[in-house]
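Residue 20 is where the sequence shown starts when you use the numbering used here, and the numbers rise one by one after that.
The beta carbon of each residue, even a glycine, is placed where N, CA and C say it ideally should be.
Here's the structure we're looking at; comments come further down.
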Amino acid sequence: MNIRTLGAILEAGYHIQPLDEWMSIDALQESNFRRVISMVYCYLQHGPVGHTLFFNLRGEKLGTGTNSTGSRHMGFSSCSTRAQQLYVISAPKVFCVGAFENIVIQVYGYTEEFDATISIKSYPDKKFTYSSGHVTLSTVNKFQNSALLTIQPKQLSGGQDPVSHVYLDVVSKHFSKSKKMPITYDNGFLFIHTDKPVYTPHQSVKVRVYSLNDDLKPAKRETVLTFIDPEGSEVDMVEENDYTGIISFPDFKIPSNPKYGVWTIRAKYKEDFSTTGTAYFEIKEYVMPHFSISIETENNFIGYKDFNNFEITIKAR
20 MNIRTLGAIL EAGYHIQPLD EWMSIDALQE SNFRRVISMV YCYLQHGPVG HTLFFNLRGE
80 KLGTGTNSTG SRHMGFSSCS TRAQQLYVIS APKVFCVGAF ENIVIQVYGY TEEFDATISI
140 KSYPDKKFTY SSGHVTLSTV NKFQNSALLT IQPKQLSGGQ DPVSHVYLDV VSKHFSKSKK
200 MPITYDNGFL FIHTDKPVYT PHQSVKVRVY SLNDDLKPAK RETVLTFIDP EGSEVDMVEE
260 NDYTGIISFP DFKIPSNPKY GVWTIRAKYK EDFSTTGTAY FEIKEYVMPH FSISIETENN
320 FIGYKDFNNF EITIKAR
């Protein structure tokens with residue numbers, strides 16, 4: 020176990036976040052460094068990529084190194100107690116509004132059962148709790164447990180400015196942690212399907228939208244569809260309710276004198292979420308088909324004395 024191992028973990032998309040004061044890598048004994056790295060490997064194998072791991076190492080000061088702010092990327096901290104105790108909190112780097120977010124707590128060095136409360140609270144005042152869960156850590160679950168928390172979009176409405184951050188709070192009798200977390204309103208997927216890619220004037224565009232949430236299940240949200248011409252002007256806008264996850268919209272009638280080129284169809288949810296979907300179709304001028312017919316004879320002349328039949332070939336192209 021060495022600094023290269025930790026570097027590979029950081030390259031895999033994980034962030035090591037400090038909890039208290041900092042300690043340089045030289046200040047860690049090899050045995051303790053192995054313990055922490057093994058826990059990171061455990062989360063690389065079983066935890067979702069894109070999560071942030073919060074580490075806290077409790078124990079007597081290790082080695083001869085001193086605390087250093089120059090090693091902040093290492094993310095280890097130390098405080099003075101007798102027994103070495105470690106806890107890890109795994110959470111998404113960004114909370115998605117309307118989605119169930121899995122928060123995982125795992126501890127080492129504890130022998131007695133204890134409870135922890137995980138909460139998502141308003142930022143910056145913490146006056147409102149959007150969601151919370153209670154977990155028990157014991158030998159039965161190997162001191163590892165998780166809670167599913169969700170922020171409902173209606174909880175964030177009513178303010179002048181959209182909410183951009185929340186607090187993630189974890190509280191127990193042994194430790195507590197509060198972390199400012201960003202949130203996103205991008206939830207789900209919108210797929211737009213048309214009956215063909217190219218149209219001519221006077222034709223109609225048949226369109227439907229597949230609306231799914233983050234779990235790839237029908238979202239059932241009211242959806243707005245906008246048709247945009249090649250110059251960027253919005254030509255038509257329609258709204259439809261979603262009952263099954265597949266939304267059928269009225270046909271879009273192409274004008275008799277449209278702007279030729281590539282048009283855009285943009286789908287979005289009417290409220291609460293910022294998710295969008297885009298599709299394209301082309302309008303071309305109708306061109307009358309051209310064809311020709313040619314008649315070819317076998318001979319250029321005939322004589323009445325030896326005339327039996329007269330063969331011709333008709334070609335069309």
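With burial defined as no fewer than 16 other Cβ atoms inside 10 Å of the residue's Cβ, what is the status of Ser109: buried or exposed? On the sequence shown, residue 109 is found 90 positions in, with the first residue counted as 1. Classification for Ser109: buried.
Does the beta-carbon of Pro216 have 16 or more other beta-carbons within 10 angstroms, so that it is buried, or is it exposed? Counted from its first residue, the sequence shown places residue 216 at position 197. Exposed.
For Val189 and Ser157, the rounded distance between their alpha carbons: For the purposes of this step, residue 157 is taken as the residue at position 138 of the sequence shown. For the purposes of this step, residue 189 is taken as the residue at position 170 of the sequence shown. The straight-line gap separating the alpha-carbon atoms of Ser157 and Val189 is approximately 17 Å.
Within 10 angstroms of the Cβ of Lys196, are there 16 or more other Cβ atoms? Answer buried if so, exposed if not. As a first step, residue 196 is located in the sequence shown; it is residue number 177 there, counting from the start. Buried, by the Cβ-count rule.
How would you write the range of the alpha helix (DSSP H) that Gln174 sits in, first residue to last? Locating residue 174 in the sequence shown gives position 155, counting from the first residue. Start and end: 172-175.
The beta strand (DSSP E) spanning Glu250 covers which residue range? What you label residue 250 is simply residue 231 of the sequence shown in a count that begins at 1. DSSP places Glu250 outside any beta strand (DSSP E), giving it a letter other than H or E.
Can you give me the C-alpha to C-alpha distance between Ser87 and Leu105, rounded to a whole angstrom? In the sequence shown, residue 87 corresponds to position 68, counting from 1. In the sequence shown, residue 105 corresponds to position 86, counting from 1. Note on Ser87: pLDDT 32, under 50, position unreliable in the model; no value is reported.
Report the residue ranges of all beta strand (DSSP E) runs contained in full by the region 205-284; include only those spanning at least 3 residues, in chain order. 208-213, 226-231, 242-247, 253-259, 265-267
Hey, how far is the Cα of Thr155 from the Cα of Ala135? Along the sequence shown, one-based indexing puts residue 155 at 136. Along the sequence shown, one-based indexing puts residue 135 at 116. Going from the Cα of Thr155 to the Cα of Ala135 covers about 6 Å.
Backbone CA spacing between Thr213 and Phe133 [nearest angstrom]: One-based indexing of the sequence shown puts residue 213 at position 194. One-based indexing of the sequence shown puts residue 133 at position 114. Taking the straight line joining both Cα atoms gives about 56 Å.
Across which residues does DSSP place Thr203 in a beta bridge pair? Here residue 203 is taken as the residue at index 184 of the sequence shown, counted from 1. Thr203 pairs with Cys115.
Can you tell which of Ile312, Val281, Tyr142 has its C-alpha closest to the C-alpha of Val182? On the sequence shown, residue 182 is found 163 positions in, with the first residue counted as 1. Val182 has its Cα closest to that of Tyr142, out of Ile312, Val281, Tyr142.
So Phe133 is in the beta strand (DSSP E); what residue range does that whole segment cover? On the sequence shown, position 114 is the one that residue 133 refers to. Phe133 -> beta strand (DSSP E) spans 133-141.
Option nearest Lys236 by Cα separation, candidates Pro277, Leu187, Ile302, Gly207: Here residue 236 corresponds to residue number 217 of the sequence shown, with the count starting at 1. Checked all of Pro277, Leu187, Ile302, Gly207; the closest Cα to Lys236 is Gly207.
If the criterion is Cβ atoms closer than 9 Å, does the pair Gly264 and Tyr229 meet it? Against the sequence shown, residue 264 aligns to sequence position 245. Against the sequence shown, residue 229 aligns to sequence position 210. The answer is yes: Cβ separation under 9 Å.
Suppose contacts are defined by Cβ-Cβ distances below 9 Å. Is Ile202 in contact with Thr297 by that definition? Sequence index remark: in the sequence shown, residue 202 carries index 183 (1-based). Sequence index remark: in the sequence shown, residue 297 carries index 278 (1-based). No, Cβ-Cβ distance for Ile202 and Thr297 is not below 9 Å.
Confirm, please, whether the CB-CB distance from Gly280 to Ile247 is below 9 Å. By 1-based counting over the sequence shown, the position of residue 247 is 228. By 1-based counting over the sequence shown, the position of residue 280 is 261. Not in contact: Ile247 and Gly280 (Cβ atoms no closer than 9 Å).
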